[in-house]
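Below you'll find the structure, written out as structure tokens, and then a few comments.
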Amino acid sequence: MTTTPDLAPARGPAEPLTAAGWHDICRYADLVPERGACAMVRDVQVAVFRTFEGELFALSNLDPFSGAYVVSRGILGTRGGAPTVASPMFKQVFDLRTGSCLDDPEVALPTFAIRRVAAGDRVEVALRAPQAVPGTSGEVFGPDEHRE
Numbered sequence: 001m002t003t004t005p006d007l008a009p010a011r012g013p014a015e016p017l018t019a020a021g022w023h024d025i026c027r028y029a030d031l032v033p034e035r036g037a038c039a040m041v042r043d044v045q046v047a048v049f050r051t052f053e054g055e056l057f058a059l060s061n062l063d064p065f066s067g068a069y070v071v072s073r074g075i076l077g078t079r080g081g082a083p084t085v086a087s088p089m090f091k092q093v094f095d096l097r098t099g100s101c102l103d104d105p106e107v108a109l110p111t112f113a114i115r116r117v118a119a120g121d122r123v124e125v126a127l128r129a130p131q132a133v134p135g136t137s138g139e140v141f142g143p144d145e146h147r148e
């Protein structure tokens, strides 16, 4: 796998955790709208997306159907009003907001909190605080728990 120099972390691999567990990813302007980028955050591959509307989403980069780290290379779109990404491998579609697979309700990608920091116009991801899937029991899953 190759990395994009512009998307390399601003700090080295041993960057300290902040109080909230946020990790610097890249400049907001480095994220091309409707394209994904992969960021390695503490040994976790995170697929980061920016929509044309400027919304940011972060999901696991691991495609649970193929076992390949390719979600960041997927095609963005919408289904039923939900922003989605289609895996480039077998074309399963995932809701960017929840990580739920719209083609197989038994499968979901872990999602991670993501924010745009005004100071320096940076994008940050929090691994320790993945977002719970709305409408579920509220359980929060870690980065490797993509199936039950």
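Yeah, the sequence shown ends on 148 if you go by the UniProt record's numbering, and it's all consecutive. Every residue gets a Cβ at the ideal spot worked out from N, C-alpha and C, and that includes glycine. Computed from a prediction, not measured in an experiment: that's the story for all the values here.
- In this structure V32 is exposed. Its beta-carbon is surrounded by fewer than 16 other beta-carbon atoms within 10 angstroms.
- For the pair L62 and V71, the CB atoms are nearer than the 8 Å cut-off.
- Going by DSSP, R42 is part of no beta strand (DSSP E) at all; its letter is neither H nor E.
- Judged by DSSP in its simplified three-state form, A47 adopts strand.
- By the Cβ-count criterion, E53 is exposed, with fewer than 16 other Cβ atoms from all chains shown falling within 10 Å of its own Cβ.
- Residue nearest to F94 within the set G74, M40, Y28 is G74 (criterion: CA-CA distance).
- G21 and P64 have their C-alpha atoms spaced approximately 25 Å apart.
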